[in-house]
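Visitor:
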Amino acid sequence: MTRWRGRPQPSAQCRKRRKQDRRQPVPCGQCRIQNPPDPTRHTRSGRFCYFPRLCSGTIEDVGAIGELLSWWAVAVLVWILTLSSVSWPEVISAAACAVPCAFAARAGRRAVRATWRPRASWIHWLAPVAAAIILDTLRLAALTIRSPRRLREHKDLSTLELPADVNATAPSREALATLAISSTPGSLVVDRTKQSGLLIHVLVSGWPHLERRVRR
Numbered sequence: 003m004t005r006w007r008g009r010p011q012p013s014a015q016c017r018k019r020r021k022q023d024r025r026q027p028v029p030c031g032q033c034r035i036q037n038p039p040d041p042t043r044h045t046r047s048g049r050f051c052y053f054p055r056l057c058s059g060t061i062e063d064v065g066a067i068g069e070l071l072s073w074w075a076v077a078v079l080v081w082i083l084t085l086s087s088v089s090w091p092e093v094i095s096a097a098a099c100a101v102p103c104a105f106a107a108r109a110g111r112r113a114v115r116a117t118w119r120p121r122a123s124w125i126h127w128l129a130p131v132a133a134a135i136i137l138d139t140l141r142l143a144a145l146t147i148r149s150p151r152r153l154r155e156h157k158d159l160s161t162l163e164l165p166a167d168v169n170a171t172a173p174s175r176e177a178l179a180t181l182a183i184s185s186t187p188g189s190l191v192v193d194r195t196k197q198s199g200l201l202i203h204v205l206v207s208g209w210p211h212l213e214r215r216v217r218r
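For the sequence shown, our numbering begins at 3 and goes up steadily by one.
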């Protein structure tokens with residue numbers, strides 16, 4: 003068996019299956035090796051497979067690549083948003099520096115064993131968040147002009163109970179709801195409750211009632 007950097011070289015069948023549809027796993031009964039210690043690490047040809055999850059059709063490795071690309075895109079976007087003017091050298095620097103940030107972000111998520119599964123319908127929060135940022139700014143400006151003392155003494159804390167989601171949807175909703183609410187100048191999430199809720203410090207409130215939107 004040939005070696006590649008001290009490891010068994012992936013077979014031609016393995017490399018071929020990586021280019022094919024990965025949705026259908028390879029049944030262990032089709033492996034030619036009798037009673038292997040780990041059937042998922044062999045291909046149909048019976049040779050050692052260095053990429054077992056990709057060859058068998060599972061989405062674990064594909065999901066890891068997608069997660070890294072997502073973290074990379076977020077890091078690049080944050081970098082670009084902090085620029086006063088966008089230029090090609092800055093974009094190239096952002097793309098390069100975002101690579102280690104993506105690996106560090108995924109490692110941190112795995113270290114705390116966090117699993118997130120957001121819903122596609124939550125994309126509808128973006129419009130209310132944008133509206134709340136503008137309207138809360140106007141409300142705060144009016145409150146500052148009319149009664150600055152009231153603004154300094156304002157200590158209104160409210161509890162927002164989130165729906166009881168299942169699996170990885172609950173922490174996803176909690177994290178994204180915290181980000182959405184805290185991004186507005188009129189409210190800030192200061193803590194989480196024991197009953198799947200958020201403790202919010204509210205300065206001003208009103209339409210579009212973002213607290214109701216994140217519960218849907």
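Ideal Cβ positions, reconstructed from N, Cα and C, are used throughout, including at glycine.
#1: So the candidates are Ala-172, Ala-132, Arg-194, Val-88; which of them puts its Cα closest to the Cα of His-211?
#2: How many whole angstroms separate the CB atoms of Val-204 and Ser-160, which I take to be in contact at a CB cut-off of 8 Å?
#3: Quick check on the DSSP output: the beta strand (DSSP E) that includes Ile-202 runs from which residue to which?
#4: For Leu-85, which residues from the same chain have a beta carbon less than 6 Å from its beta carbon, with the 5 sequence-adjacent residues on both sides left out?
#5: Exposed or buried, what is Ala-104 when buried is set at 16 or more other beta-carbons lying within 10 Å of its beta-carbon?
#6: Assuming Ser-198 contacts Leu-190 (C-beta within less than 8 Å), just tell me the rounded distance between them.
#7: What is the rounded straight-line gap between the Cα of Thr-195 and the Cα of Leu-201?
#8: Taking the alpha carbon of Leu-137 as the reference point, which residue from Gly-208, Trp-118, Gly-65, Glu-213 has its own alpha carbon closest?
#9: Which first and last residues belong to the beta strand (DSSP E) in which Leu-162 is found?
#10: Would you kindly work out how many angstroms separate the C-alpha atoms of Pro-102 and Trp-74, rounded to a whole number?
#11: Would the beta-carbon of Pro-173 fall within 9 Å of that of Trp-118?
#12: Quick one: grab the DSSP three-state call for Ser-123.
#13: Is Arg-25 helix, strand or coil when you go by DSSP?
#14: So, are the CB atoms of Pro-187 and Leu-145 less than 9 Å apart?
#15: Determine the extent of the alpha helix (DSSP H) in which Asp-138 is found, giving its start and end residues.
#16: Return helix, strand or coil for Ser-86, following the three-state DSSP convention.
#17: Out of curiosity, what's the CA-to-CA distance linking Glu-62 and Arg-148?
#18: Exposed or buried, what is Ser-127 when buried is set at 16 or more other beta-carbons lying within 10 Å of its beta-carbon?
#19: Would you tell me roughly how many angstroms separate the C-alpha atoms of Ala-66 and Val-216, rounded to the nearest one?
#20: Is the beta carbon of Ala-96 sitting closer than 9 Å to the one on Val-78?
Guide: Reading off the structure:
#1: Ala-132
#2: 6 Å
#3: 199 to 204
#4: Glu-92
#5: buried
#6: Not really, about 19 Å apart at Cβ, beyond 8 Å.
#7: 7 Å
#8: Gly-208
#9: 158 to 163
#10: 9 Å
#11: yes
#12: helix
#13: Here Arg-25 scores only 43 on pLDDT, less than 50, and its place in the model should not be relied on; the value that follows carries that caveat. Coil, per DSSP.
#14: no
#15: 128 to 148
#16: coil
#17: Any reading at Glu-62 must be qualified, since the residue scores a pLDDT of 49, below 50, and its modelled position is unreliable; the value itself is stated next. Cα-Cα distance, rounded: 56 Å.
#18: Reading off the sequence, residue 127 comes out as Trp, not Ser. Looking at its Cβ environment, which holds 16 or more other Cβ atoms inside 10 Å, Trp-127 is buried.
#19: 27 Å
#20: yes
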